[in-house]
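Those letters in the sequence shown? Residues -18 to -1, 1 to 274, per mature numbering (1 follows the signal peptide of the UniProt record, and there is no 0), in order. Below is one structure, written out as structure tokens; comments come after it.
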Amino acid sequence: MYINALALVLAFAAVAFGDLKLHDPQGLQVFEQTGEALPRLYGNHQGAAGICLSDRRRYCQVAFNNELGILSNADWNSPQQLLYDINKKYKQGLDQGLLPLCTARTHLYQCLGTSYDVCMDRLGFVREGKTLANATMYTQIFKQLAFECTGGSIQSTQHWDCIESVRLSSTYSASVQTCTNQFNDAIAKSHGNQTVFCKEAGVLAMCLALNFQIPCGRDTAWWECERVRAAFQVDGYCPQLSCVHSAVPHIDGHHSYGSRAELVMKEFGTESAAARIYREVVDNAYAKLKRK
């Protein structure tokens, strides 16, 4: 079974500001932002406290790779390779892909023990001389995996087939591009403003989540929102960013759309990508109801 599972990862490089770009759209999707690093190494962030033994971390990473049959030496020095290796597992489906990934992630967590947080800290990697882009991508890969395997595990396992069908759809591909373009446009005008950055991260999360509303339900829409949110929460840079289940518009034949529409339009703007996608979702829902 071909799985096109999304692990939305935002990698930040340290040159002039640029756009989010999609990597490996045929499989595990990764957004890489070229340009000035956001979040910066100064400002509001929360680095982990403690000491990480580099030899122990290396040992645990090798064990993780071996358990999954990853033959490369992919780690924090080559997170893109690690991403593609993990993507191969996702494509094997739920039983042979996601579940083994979750088991390996649990073993990695147990291997590092109480030093897990500090050993997976982005700023810790940078202090060791790793590039900011690599450190960010690596830590975000595991933040995403942690959510899929813990807080979002029910949705991951119960709705995997539906998630796959959405990911493979042309509608979703177009929506990803629309949502990303809106994010890029807003950030380009923000000149590094953290408030704008975090607000637009929330818009992007909801914009992508709305694609799952009709086919998979609110739980999966929330799940997608949380996955995106995790990618922006490195170092606690956007502490107010959250995905509230009740804020996901409820669409069926027995509820009024007005209040939810007003919520989306007010929060994101009537001409925003989120509002446009919301209107399309509502239109599709009405069309299906009329056919019944």
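Positions of the beta carbon are idealized from the N, C-alpha and C atoms, including for glycine.
Contact check for D201 against Q137 passes: the beta carbons are separated by less than 7 Å.
Annotation: Q63 to H173 spans about 31 Å, alpha carbon to alpha carbon.
Ranked by how close their Cα comes to the Cα of N163, the residues L190, H141 and Q222 have L190 in first place. Taking all protein chains shown into account, N116 has 16 or more neighbouring C-beta atoms within 10 Å of its C-beta and is therefore buried. It is roughly 26 Å from the alpha-carbon of R87 to the alpha-carbon of F194. In the three-state reduction of the DSSP assignment, A56 falls in the coil class. In this structure, C180 places its C-beta atom within 7 Å of the C-beta atom of L223. Note on geometry: alpha-carbon atoms of S36 and C42 lie some 10 Å from one another. Taking a C-beta distance under 7 Å as the contact criterion, Y120 and P61 qualify as a contact pair.
As the crow flies, the alpha-carbon of E182 is around 16 Å from that of G218.
In the structure shown, K125 adopts helical secondary structure according to DSSP, grouped into three states. For P82, the enclosing alpha helix (DSSP H) starts and ends at L81 to L94.
In the three-state reduction of the DSSP assignment, G134 falls in the coil class.
Comparing alpha carbon positions, the residue from K70, G51 and D103 closest to I33 is D103.
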